[in-house]
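Read through the structure below, which is laid out as structure tokens, and then see the notes.
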Amino acid sequence: MKNSEIAEVFENIAGLLELKGEIPFKIRAYQKAARTIEHHPVELSKLVEESGTEALREIPGIGEAISKKILELLDTGKLKYYEELKSEFPEGIIRLMDVPGIGPKTAMRASKELGINTVEELEKAILDGRLASLPRMGEKTAENILRHIRTMKTKDQRIPLGQVLPVVDDIIAELRQRTDIRSIEPAGSLRRFRETIGDIDLMGTSDDPEGTIRAFTQLPQVVDVLVMGPKKASVVLRDGLQVDLRIVEDDAYGALIQYFTGSKQHNVVLREWARRRGLSLSEYGITNLSTGEVERFATEEEFYKRLGLQLIPPEIREGGVEVELAEKGAIPRFVEVKDIRGDLHVHTKESDGQNSLEEMAVAARDRGYEYIAITEHSPGLGIARGLSEERLRSQIAKIEELNRKLKSIRILVGTEVDIRADGSLDYPDELLGELDVVVAAVHSSMNQERAKITARVIKAMSNPHVDILAHPSCRLIGEREPVDIDMEAVFKAALETHTAMEINGQPQRLDLKDIHIQRAKDLGVPLVVSTDAHSIAQLNLMRLGVATARRGWCEARHILNTRPLRELLEFCGRNG
DNA sequence: GCCGTTTTCGGCCCGACTGTTTTCAGTCG
């Protein structure tokens, strides 16, 4: 049983306990365990297999009772406690609580008194006025719930990060132009670079909050203003995205951005931690519980510092071990975009890219890179104008010529060679041997069963010419599920065959994903961060790839393309 | 149900909003 499935069971148990009216702390314990398991970098089945059943207890938030339940789930695929709990309630009732505005109390009353157990039945009961007749319910509440049901139906809940970033950049640029806003930055899951985003949260400081808020609600891309007060507004953009802007006073900025960056779980852990030390945290500052005195903070750094903690990078604020480590000063400096010395996966016009070879190389040079690998598709990918052997040979010649011309950057001859269904590669070994960098990737037969696709990919990695496995899971966020591959086996093969795993910065890919990156890093698997750019502009996706690496706790030393050219070529088995 | 530089028992994050109530329950982030 996978971690995500185990987490779902505990999430559901928490929901059922809420309906039952259990004490909130028990409910929170299950919720916390679910979150922790969901973000755990190692499959618990592997963990138990390799380190024994006791290893579960080491995970924070997992004690005796929950570890027993995990073992039962791993052994039998079922959990007696969960089955019994489910049987106490009508089927499907916890889904009612997915509707904003419906909590456990309302869900129970609706079910008991009105026989409502699905969202459809709920909608009907609102329309014929039955819901409003319940105690503490009224016309207005019912109407709001109905509105939420309708938006749930039309709106995709979460949007891929990459779609949101350019929108945010635009808004920030316009606000800077039109108002006297001083600092402005995103908070929330956007600042943490989660792979999908719900709403956009922006925070800033300004001498004229009201004027700034007004200008914000009047931006051309705004179609609807939901809330507008003196310090805060919520608007809806043309594409349906909701954006909140909050203007705060300078000396409150630190505590507020900390609070709104989250994650929720991180804040809970941080507040529990502070409470044990006699401090109470809120979005306004830090209260000393014995004196009642409140301290305010202009920056987040000061806020964490007052708690005796390192500044915790937003990317890892998930409510795991980060607070504990920050206390010991044990959070390392994570990789940054400026550490990256080159991009190892880009396309040009020759295959399915938009810019010429020289344009890409010059753009890379202008970014300050030392090297860039041109990695076109191979012939098997006809749809992407994959290069025939002859065309690849002629590209090698062109690159050699360009290398003589452009002095300050080294263009590496590469390929993104297709891994065929049987694990063989789409170019002969002899030709692959002439290249500086060989990136291999799966682009077809993605629904092969687990054992088959795992063996296929490992076979390709075992080819001595292959240096990097690109987008290992092949997922497209919100569009295509990852292939069913044994990632742990792939990582072990990577160690044996000296193959690097790619962290692909394309917004719909972000592949490897955060928890796999963390696991690969812990195992010592070499990693690269690449953009898979199909245009000059996409070279900027490096920031997404790097943020994803940071979510996997990577330092520069874990990332191959932070190394100088000579070391990189050594890894690839070339001598420069 | 979890956890321990106050505790192996008795705590457990904090504040705001909304609509329904006449002082607050329920929900949310």
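Counting in my numbering, the first sequence runs from 1 upward without gaps.
The C-beta atom is built at its ideal place from N, Cα and C for all residues, glycine as well.
When DSSP builds the beta bridges, which residues end up paired with N504?
D511, S530
G576 to Y253 span [Cα, whole Å]
Note on G576: pLDDT 48, under 50, position unreliable in the model; no value is reported.
Under three-state DSSP, which class holds P41?
coil
Specify the secondary structure class of D170 as computed by DSSP and reduced to three states.
helix
Whose C-beta lies closer than 7 Å to the C-beta of E283 among residues of the same chain, with five residues either side of it excluded?
A255, L256, Y259
Which residue's Cα is closest to the Cα of E91: K26, S234, G15, H443?
G15
Extent of the continuous alpha helix (DSSP H) to which K459 belongs:
450-462
Would you call the CB atoms of R182 and S206 closer than 8 Å?
yes
Which one or two residues does DSSP pair with N288 in a beta bridge?
L279
DSSP state of M1, grouped into three classes?
coil
Beta-carbon proximity of A361 to L402, cut-off 8 Å:
yes
Assuming V99 and L122 are in contact, meaning their beta carbons sit under 8 Å apart, how far apart are those beta carbons, in whole angstroms?
7 Å
Tell me whether the stretch 426-441 and the stretch 461-472 touch, counting them as touching only if at least three CB pairs, one residue from each stretch, are closer than 8 Å.
yes
Do the CB positions of C554 and I517 come within less than 8 Å of each other?
yes
Nearest by alpha-carbon distance to F10: which of I37, I171, V483, F25 is it?
I37
Thinking just about the alpha-carbon of each residue, which of P472, I453, I477, Y371 is nearest to the one in A441?
P472
Residue burial classification, L568 (beta-carbon count within 10 angstroms, cutoff 16)
buried
What residue range does the beta strand (DSSP E) around E389 cover?
Run containing E389: none in the beta strand (DSSP E); it sits in the alpha helix (DSSP H), 389-405.
Terminal residues of the continuous beta strand (DSSP E) containing G188?
From DSSP, G188 is part of no beta strand (DSSP E) but of the alpha helix (DSSP H) over 188-191.
Here's a check: name, in chain order, each residue in its chain whose Cβ is nearer than 8 Å to the Cβ of E249, leaving out the five neighbours to either side.
T205
Under a three-way DSSP split, which group does G576 fall into?
Confidence at G576 is low in this model, with a pLDDT of 48, below 50, so its placement is unreliable and no value can be given for it.
With a Cβ-Cβ cutoff of 8 Å, do R475 and D511 count as a contact?
yes
So does the stretch 222-241 actually touch the stretch 186-195, counting three or more Cβ pairs closer than 8 Å?
no
How many angstroms separate the CA atom of P209 from the CA atom of V223?
21 Å
Between which residues of its own chain and T287 is the CB-CB distance below 6 Å, once the five residues before and five after are set aside?
S280, V294
Spatial distance of D342 from R557 (CA atoms):
As written in the sequence, residue 342 is Gly, which differs from the Asp given in the question. Computed Cα separation, rounded: 15 Å.
In the DSSP assignment, what are the bridge partners of D343?
I372
Inter-stretch contact (C-beta, 8 Å, three-pair minimum) for the stretch 306-326 and the stretch 491-500
no
Closest Cα partner of E83 within the set L134, L56, I13
I13
Are the stretch 95-112 and the stretch 61-72 touching by the rule of at least three beta carbon pairs closer than 8 Å?
no
May I ask you to list the residues that DSSP assigns as paired with H377?
E416
Assuming contact is defined by CB atoms lying nearer than 8 Å, are S530 and L344 in contact in what I supplied?
yes
Contact check, R296 vs G285, beta carbons under 8 Å:
yes
Where does G129 land, buried or exposed, given buried means 16+ other C-beta within 10 angstroms?
exposed
Using a 10 Å radius around the Cβ and a threshold of 16 neighbouring Cβ atoms, would you call R404 buried or exposed?
exposed
Taking 8 Å as the cut-off, does the stretch 384-397 touch the stretch 349-356 (at least 3 CB pairs, one atom from each stretch)?
yes
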